[in-house]
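Trainee: Just dropping this structure here.
Residue numbers (our numbering): 25 to 527.
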């Protein structure tokens, strides 16, 4: 049997009085700024007056045995120690927020003072010198217990093996090492309790805005028991409009190469045509460069962007995506040089690498989103082909205005490609809106996208992309309609995926 220490924690809610002493001690010990928390206490009122009670949940990092934040982190800033503690290294954090998107427990945040990711780390600096975490020391009822799960005699190991303990969101298969004893299910399930009317919480009012994630279920809640969220801290979505815009520019970058190449293969235009020689590498390269700039702009530490390569953690799809984009950019640069030097043979050779790299550029975001294990809407197996269709749609619309002057024979085929790809895209969207989603979180995210906070962008996208379907009849006007509609859809999809409360 492995005797190496494996730290675990039990929150005993049969003892917790909701005093917030743990939150205060944590802030003091770890110098956590205002507006963010490594640990806090959530209140849920269960039942109806006069038979009602208040349930508490001490909320913090779950110290997963299989932590999705570690796999998603591109620089190993989030890492797992041999004793099981998931710790962080601010010196190599680039502030990409992938760990926040991946955490199913909303336990990670960006420190507003140093702009790096942090969370509860078991007060590892205290454990290393034989001291208990600050929250354990200060708890007046000894409701917080920390111990070695590999030592059967420890109180934590005994409670975990013999007691009726529970974990949060076991369906995520992260194997948390934070266990709750006696916690009410309406606190463990982040959407079990209803959101209070008007967003008014005890002692506080929830932050509003497009980037805020308001706690509680906006409708009926996910519990048969009457439950209303009484107190929670503000939560924010990790990725904003820049990520929505990045998915759009990346689709254009991929499609602007693939669509002209497809026209060459079909014999619609010769390989010597300017659409293939000049428009494809310049437009694809330009939008690919814009994609890279958007990704760097979204970082909390943009000057550390090169850590993506110098401190690369190869399991992260941010790292893999960076390699794919770099390779695709090199192919486009070589293609442009081939056009300048009149080397059609070079361009034919480049197709061997250019086609798979362009396709991967279009679809790798599906795997990046899937690595965000917390976001159920993004876990669709149909997302890779959907992104490939979007690349064809975006590429067709982007190069359409150039065809009357430099490739008139391609104008009608391009209108057909735009119409067909727009129609297929709308069929994917129809499936997203009408097929049953497998989890309550995915259903709520879809509701927020179609009928909730992000419905305005969603339906704008649907209406504008209907113009893409009508491309053979409305001609050039379909191109800006399709591109604007695709951008609106991307924003609705990206933001709705982050709109569901996780804690």
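Where a beta carbon is used, it is the ideal one built from N, C-alpha and C, also for glycine.
Report buried or exposed for residue 352, applying the criterion of at least 16 other Cβ atoms within 10 angstroms of its Cβ.
Mentor: By the neighbour-count rule (16 or more Cβ atoms within 10 Å), residue 352 is buried.
Trainee: Leaving out five residues before and five after residue 28 in sequence, what residues of the same chain have Cβ atoms less than 8 Å from its Cβ?
Mentor: So the qualifying residues of the chain are 106, 107, 174.
Trainee: Just to confirm, is the Cβ distance from residue 103 to residue 119 under 8 Å?
Mentor: Not a contact, by the Cβ cut-off of 8 Å.
Trainee: Under the three-state reduction of DSSP, which class applies to residue 224: helix, strand or coil?
Mentor: Strand, per DSSP.
Trainee: Give the range of the alpha helix (DSSP H) segment to which residue 5 is assigned.
Mentor: For residue 5 there is no data in the structure shown, the boundaries of the chain being 25 and 527.
Trainee: Among the candidates 128, 127, 133, whose CA atom is the shortest distance from the CA of residue 114?
Mentor: Out of 128, 127, 133, 133 has the C-alpha closest to the C-alpha of residue 114.
Trainee: Do you know whose CA, among 221, 89, 186, 206, lies nearest residue 200's CA?
Mentor: The shortest Cα separation from residue 200 among 221, 89, 186, 206 belongs to 89.
Trainee: Report, in whole angstroms, the separation of the C-beta atoms of residue 136 and residue 59, which I expect to be a contact under 8 Å.
Mentor: The pair is a contact, with the Cβ atoms about 6 Å apart (cut-off 8 Å).
Trainee: Tell me the DSSP secondary structure of residue 259 in three-state form.
Mentor: Correct three-state label for residue 259: strand.
Trainee: Cutting at 7 Å between CB atoms, please list the residues of its own chain near residue 25, excluding the five before and the five after it.
Mentor: Note that residue 25 has pLDDT 41, beneath the 50 cutoff, so the model's placement of it is unreliable and no number is given.
Trainee: Out of curiosity, what's the CA-to-CA distance linking residue 76 and residue 69?
Mentor: Roughly 7 Å separates the two Cα atoms.
Trainee: From this set, 185, 205, 50, 125, which residue's C-alpha is nearest residue 81's C-alpha?
Mentor: The candidate whose alpha carbon is nearest that of residue 81 is 205.
Trainee: Which of the three DSSP states, helix, strand or coil, is assigned to residue 215?
Mentor: Residue state, collapsed to three classes: coil.
Trainee: Going along the chain, which unbroken runs of the alpha helix (DSSP H) with 4 or more residues stay wholly within the segment 317 to 384?
Mentor: Whole alpha helix (DSSP H) segments, 4+ residues: 331 to 334, 341 to 364.
Trainee: Run through DSSP, which three-state label would residue 427 get?
Mentor: It is helical.
Trainee: What residue ranges within the segment 164 to 196 form continuous beta strand (DSSP E) runs of no fewer than 3 residues, ordered along the chain?
Mentor: Entirely contained in the segment 164 to 196, the beta strand (DSSP E) runs reaching 3 residues are, in chain order, 168 to 172.
Trainee: By DSSP's criteria, residue 31 is part of a beta bridge. Which residues make up the other side?
Mentor: Paired residues: 172.
Trainee: Can you grab the Cα-Cα spacing for the pair residue 274 / residue 386, in whole Å?
Mentor: Approximately 7 Å between the Cα atoms of the pair.
Trainee: Taking the C-alpha atoms as reference points, what is the distance between residue 288 and residue 281?
Mentor: Cα to Cα, residue 288 sits roughly 11 Å from residue 281.
Trainee: Answer yes if the segment 365 to 381 comes into contact with the segment 433 to 440, meaning at least three C-beta pairs across the two stretches below 8 Å, and no otherwise.
Mentor: Contact fails: fewer than three Cβ-Cβ distances are below 8 Å.
Trainee: Starting from the C-beta of residue 412, find all residues in its chain whose C-beta is less than 8 Å away, skip the five residues before and the five after it, and write them out in chain order.
Mentor: Taken in chain order, the residues that qualify are 383, 386, 387.
Trainee: Using the three-state DSSP reduction, which class does residue 95 fall into: helix, strand or coil?
Mentor: Correct three-state label for residue 95: helix.
Trainee: For residue 517, count the other beta carbons within 10 Å of its own beta carbon; 16 or more makes it buried, fewer makes it exposed. Which is it?
Mentor: So residue 517 counts as buried.
Trainee: For residue 456, count the other beta carbons within 10 Å of its own beta carbon; 16 or more makes it buried, fewer makes it exposed. Which is it?
Mentor: Classification for residue 456: buried.
Trainee: What separation, rounded to the nearest whole angstrom, lies between the Cα atoms of residue 331 and residue 87?
Mentor: Looking at the two C-alpha atoms, the distance is approximately 25 Å.
Trainee: Put residue 67 into one of helix, strand or coil per three-state DSSP.
Mentor: In this structure, residue 67 counts as strand in the three-state DSSP scheme.
Trainee: Return the bridge partner residues of residue 103 from the DSSP annotation.
Mentor: Bridge partners of residue 103: 111.
Trainee: Which first and last residues belong to the beta strand (DSSP E) in which residue 512 is found?
Mentor: Where residue 512 is concerned, there is no enclosing beta strand (DSSP E), although the alpha helix (DSSP H) it sits in stretches over 502 to 521.
Trainee: Taking the alpha helix (DSSP H) that residue 453 belongs to, which residues open and close that run?
Mentor: Segment 435 to 458, the alpha helix (DSSP H) holding residue 453.
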